[in-house]
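Protein chains in written order, with numbering that gives the first Met the number 0: chain A, 0 to 184; chain B, 0 to 184.
We treat Cβ as the ideally placed atom computed from N, Cα and C, and that holds for glycine.
2 protein chains.
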Amino acid sequence: MTPAGRRIVAAAEELFYNRGITAVGVDLIAERSGVTKRTLYNQFGSKDHLVATYLAERDRRWRSLVRAAVEDCDDPVEAVTAPFDALRTWSRTNTRGCAFINALAELPDPSHPAHRIAAEQKLWLQSLFKELATAAGCSAPDALAVQLLVLHEGALATQPLPLDTLSDSTDLARAIVRAGAPPHW
Amino acid sequence: MTPAGRRIVAAAEELFYNRGITAVGVDLIAERSGVTKRTLYNQFGSKDHLVATYLAERDRRWRSLVRAAVEDCDDPVEAVTAPFDALRTWSRTNTRGCAFINALAELPDPSHPAHRIAAEQKLWLQSLFKELATAAGCSAPDALAVQLLVLHEGALATQPLPLDTLSDSTDLARAIVRAGAPPHW
DNA sequence: TCAGAAGTTCACAGATCAGTGTACCCGGGA
DNA sequence: TCCCGGGTACACTGATCTGTGAACTTCTGA
């Protein structure tokens, strides 16, 4: 991707996430990234393609944050809930909920690439939970992974409320992991 | 509200929920409800006000469904998780996630009435969980209510995924309620 | 009988939207 | 020297957006 292309995606990320996709016009993105609208269309072809690139880039950044949090854990039982620690970090600078859920809300057409990217992101996290739960020796890793995913998404969705939902979610996540893990690791 | 007003809100509900708020124009809503755009503006004054009415109406319908599910329960311990049964019913005809979360995604301005309505809806459910948990004699009803809220919102947010997240969420909800409730009710 | 509320008809304003066409500039590599 | 890719400048299209003005009809209740 060219330097101008990177600036466009960066501006699109900030604007799409904070103001909504439909509400942000390509003219504004071009202006914010110090680029002509012509350049934007030469690079991405359409607004839909730019939206897909924005989501893919965001997904990439978020996955690397989660992976780092998991790798920082020595104890395999603690590692299962490491994504919740990553979420705490992530939420400090991302206070408008989940970009993927938000994108699906605005783009009802299931054939839009945003749907595939969003689904892949959630399913990736679910399979990560399952892997980690299996590695920690948890019983019923499938159901556990789904429950951890729900807690994760719920904590993200309730972000705008004046409640510390992330703490209570993390507590519950740790509790169900410990309950499923072998007693004395 | 006049007959035309009711038809407008009904059309707005269907269109806003399924296609997104910004993506739906007032012309389309007027056409679908068999009404002139002039009438729409005479009744609601602005699109923002119509959006607020749509959300308020949806909230009203949803609360009455939840209340009915709770009142159907004889056992106070079962009653705590009755909103999850209501969600199962609700999800059969509402497959595009939470209308309130989706609205917040599109309307970033916190002074928009949609933000107040959405927050009130979530906090109402949380306080309902707390009331029910207290009535069932659960210990730590505050934290339990937040955890049940997170599970509820998480199940709703993961609706588009090819996973039965509602079942696993409901199972976990029942488990934590039973764990907190007095042993032999 | 008459007033007022609800609704229609239709043209219109002013802004914004995604996307295009064309001509041009500039730097680096063959 | 020349070419070409990345980028600029800028006008423009055609559609769509929210919202308004003004005159008209139709029904109902006092």
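| Query | Result |
| --- | --- |
| Could you check which residue in A:128, A:44 and A:146 has the C-alpha nearest to that of residue 66 of chain A? | A:128 |
| For residue 167 of chain B, go through chain A and note every residue whose CB falls closer than 8 Å to its CB, in chain order. | 142, 145, 146 and 149 |
| Quick one: does residue 182 of chain B have its CB under 8 Å from some CB of chain A? | no |
| Does DSSP classify residue 169 of chain B as helix, strand or coil? | helix |
| If you measure from the beta carbon of residue 92 of chain A to each beta carbon in chain B, is any gap under 8 Å? | no |
| Among residues of its own chain, excluding the 5 on either side of residue 131 of chain A, which ones have a beta-carbon nearer than 6 Å to its beta-carbon? | 78 and 79 |
| Tell me, please, whether the CB atom of residue 82 of chain A is closer than 8 Å to any CB atom in chain B? | no |
| Check whether the Cβ of residue 160 of chain A lies closer than 8 Å to any Cβ atom in chain B. | yes |
| Which residue comes first and which comes last in the alpha helix (DSSP H) that contains residue 120 of chain B? | 112-134 |
| Measure the alpha-carbon distance for residue 153 of chain A versus residue 150 of chain B and round it to whole angstroms. | 6 Å |
| Taking only beta carbons into account, state which residues of the region 111-140 of chain B come closer than 8 Å to chain A, listed in chain order. | 114, 117, 118, 121, 122 and 125 |
| Anything in chain B within Cβ reach of residue 105 of chain A, meaning under 9 Å, just list it in chain order. | 19, 20, 21, 22, 101, 104 and 105 |
| Please name the residue, chosen from B:121, B:123 and B:160, that lies closest to residue 122 of chain A on a Cα-to-Cα basis. | B:160 |
| Taking buried to mean at least 16 other C-beta atoms within 10 Å of its own C-beta, is residue 41 of chain A buried or exposed? | exposed |
| From the beta carbon of residue 10 of chain A, is the nearest beta carbon of chain B less than 8 Å away? | no |
| Between the alpha carbons of residue 164 of chain B and residue 157 of chain B, how many angstroms are there, rounded? | 7 Å |
| When the cut-off is 8 Å and only beta carbons count, does residue 13 of chain B lie next to chain A? | no |
| Report all residues from its chain with a CB closer than 6 Å to the CB of residue 143 of chain B; omit the five preceding and five following residues, and keep chain order. | 132, 137 and 179 |
| Once you ignore the five residues that flank residue 46 of chain B on each side, which residues in its own chain have a CB closer than 6 Å to its CB? | 25 |
| For residue 62 of chain B, decide whether its Cβ has a neighbour in chain A, counting only Cβ atoms nearer than 8 Å. | no |
| Residues of the region 40-66 of chain B with a CB closer than 8 Å to any CB of chain A: list them in chain order, please. | none |
| Give me the Cβ distance between residue 19 of chain B and residue 105 of chain B, rounded to the nearest whole Å; I'm assuming they're in contact under 8 Å. | 6 Å |
| Compare the C-beta of residue 27 of chain A with all C-beta atoms of chain B and state if any pair is closer than 8 Å. | no |
| Where in the region 27-73 of chain A do unbroken runs of the alpha helix (DSSP H), each at least 4 residues long, occur, reported from the N-terminal end onward? | 36-43 and 46-70 |
| Can you tell me the Cα-Cα spacing of residue 88 of chain B and residue 101 of chain B, whole angstroms? | 20 Å |
| Report yes or no: is there a C-beta of chain A within less than 8 Å of the C-beta of residue 86 of chain B? | no |
| Assuming residue 146 of chain A and residue 171 of chain B make a contact with CB atoms under 8 Å, what is their CB distance in whole Å? | 5 Å |
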